[in-house]
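In my numbering, the protein residues as written are -11 to 243. The beta carbon of each residue, even a glycine, is placed where N, CA and C say it ideally should be. Every value quoted in this text rests on a predicted model; they were computed, and no experiment measured them.
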Amino acid sequence: ETPNSLGYHMPAEWEPHEGTWLIWPHNDTHEGAQLRLEHLWLTMTIALHEHETVHIVVTDEHRMEHLQRQVRYYGLNESNLDIHIIPNDDVWVRDCGPIFLVNESGELSITAWNFNGWGERYPYQKDQGVPAGVAGALSLPLFTAPITLEGGALEVNGKGTLLATRSSIINPNRNPGKNQEEIETAIKEYLDIQHFIWLSGAPREFCDTVGSDTDLHIDGYARFIDESTVLYSWAEDESNIFHSYLKQHRDELRN
-11 ETPNSLGYHM PAEWEPHEGT WLIWPHNDTH EGAQLRLEHL WLTMTIALHE
39 HETVHIVVTD EHRMEHLQRQ VRYYGLNESN LDIHIIPNDD VWVRDCGPIF
89 LVNESGELSI TAWNFNGWGE RYPYQKDQGV PAGVAGALSL PLFTAPITLE
139 GGALEVNGKG TLLATRSSII NPNRNPGKNQ EEIETAIKEY LDIQHFIWLS
189 GAPREFCDTV GSDTDLHIDG YARFIDESTV LYSWAEDESN IFHSYLKQHR
239 DELRN
């Protein structure tokens, strides 16, 4: 059985939600930058936890104890924090973490998408297990899709339309040997998508030049802001290195 056959779908980002998930930074990955990153994550947590639950993933017991000391020091409301020990490689929970689905009764499930470090650019073996760890911690059904993609590669309007770049999904570094039809079939069955809007993205050489380790994830270039409106990035200056790709995206959106 697939999520679609059981009545689950991926909601839009602006729909009501219970909380936000974070993966806490650790020095194993960001050696020398731990304090700077932790300050940013604490700032996010302090702001978020005033209005909703903040679910935090820490990589081990030692980091759990460290975070708990930080929480007490800054006087955070612990009733709005939910901390889980799940081994991980890095902080990018939007990409490696669970994609939550919901059905008409409000029941949740989780999908996992075989995260591979953005085309094996970075270590990912621990990150790949984060969705299963979250599903286990919350006692939610887990569905593992037959393709590889990251959460930041997807934009949905909550009504069955998906916006994505080909370069970040239909790419041999994510899904070798799979064509667009096969990838769309998997997304349909696991996210309940009926309509696809594909933007080209950019080739690997360009992405490496501009430091886009994601192969131009859609979430940096075009976003749904309601069910029928897309906000997209634009550069008027034709000398801007992104101009030709952004122009192509605009033309594709218009068509």
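Cβ separation of residue i and residue j, assumed to be a contact under 8 Å, to the nearest whole Å
| i | j | result |
| --- | --- | --- |
| E40 | T8 | 6 Å |
| L128 | L96 | 6 Å |
| G192 | D207 | Correcting the residue identity first, residue 192 is Arg in this sequence and not Gly. So it is not a contact: roughly 19 Å between Cβ atoms. |
| E224 | L187 | About 19 Å separates the two Cβ atoms, so there is no contact after all. |
| H43 | N68 | Actually they are not in contact, since the Cβ atoms of H43 and N68 sit about 10 Å apart, beyond 8 Å. |
Contacting residues, own chain, Cβ-Cβ under 6 Å from residue i (five flanking each side not counted)
| i | result |
| --- | --- |
| T149 | H183 |
| E177 | T(-10), N(-8) |
Own chain residues within Cβ distance below 7 Å of residue i, not counting five before or after
| i | result |
| --- | --- |
| L137 | W101, I157, R162 |
| D201 | W106, R109 |
| H18 | L25 |
| E92 | G(-5) |
| R159 | Residue identity check: residue 159 is Asn in the sequence provided, not Arg. Closer than 7 Å at the Cβ level, and outside the excluded window around N159, lie G107, D203. |
| G139 | R82, D83, G85, I87 |
| L30 | Q58, Y62 |
Residues of its chain near residue i, where Cβ-Cβ distance is below 8 Å and the 5 sequence neighbours each way are ignored
| i | result |
| --- | --- |
| E6 | E40, T41 |
| L244 | Past the edges of the chain, shown from -11 to 243, lies residue 244, and the structure says nothing about it. |
| I213 | W2, L219 |
| Q113 | D77 |
| Y209 | T153, L187, Y220, S221, L234, H237 |
Closer than 8 Å to chain C by CB, residue i
| i | result |
| --- | --- |
| L126 | The structure shown contains no chain C, having only a single protein chain. |
Bridge partners - residue i, DSSP secondary structure assignment
| i | result |
| --- | --- |
| H43 | W9, D70 |
| L23 | In DSSP, L23 forms no bridge with anything. |
| T99 | I87, F131 |
| H(-3) | V90 |
* Quick one: any contact between the region 111 to 125 and the region 137 to 147, if contact means 3 or more CB pairs under 8 Å? -> no
* Go through the region 119 to 164 residue by residue and report every complete run of the alpha helix (DSSP H) that reaches 4 residues or more, in order. => 154 to 157
* To do: Tell me, please, whether the region 45 to 58 touches the region 68 to 78 by the rule of three or more beta-carbon pairs shorter than 8 Å.
  => yes
* Examine the Cβ distances between the region 125 to 139 and the region 215 to 229 and report whether three or more of them are shorter than 8 Å. => no
* Between the region 77 to 87 and the region 10 to 28, do three or more beta carbon pairs fall short of 8 Å? -> yes
* Write down every uninterrupted run of the alpha helix (DSSP H) in the region 174 to 242 whose length is 4 residues or greater and which is fully enclosed by it, in chain order. => 192 to 198, 231 to 242
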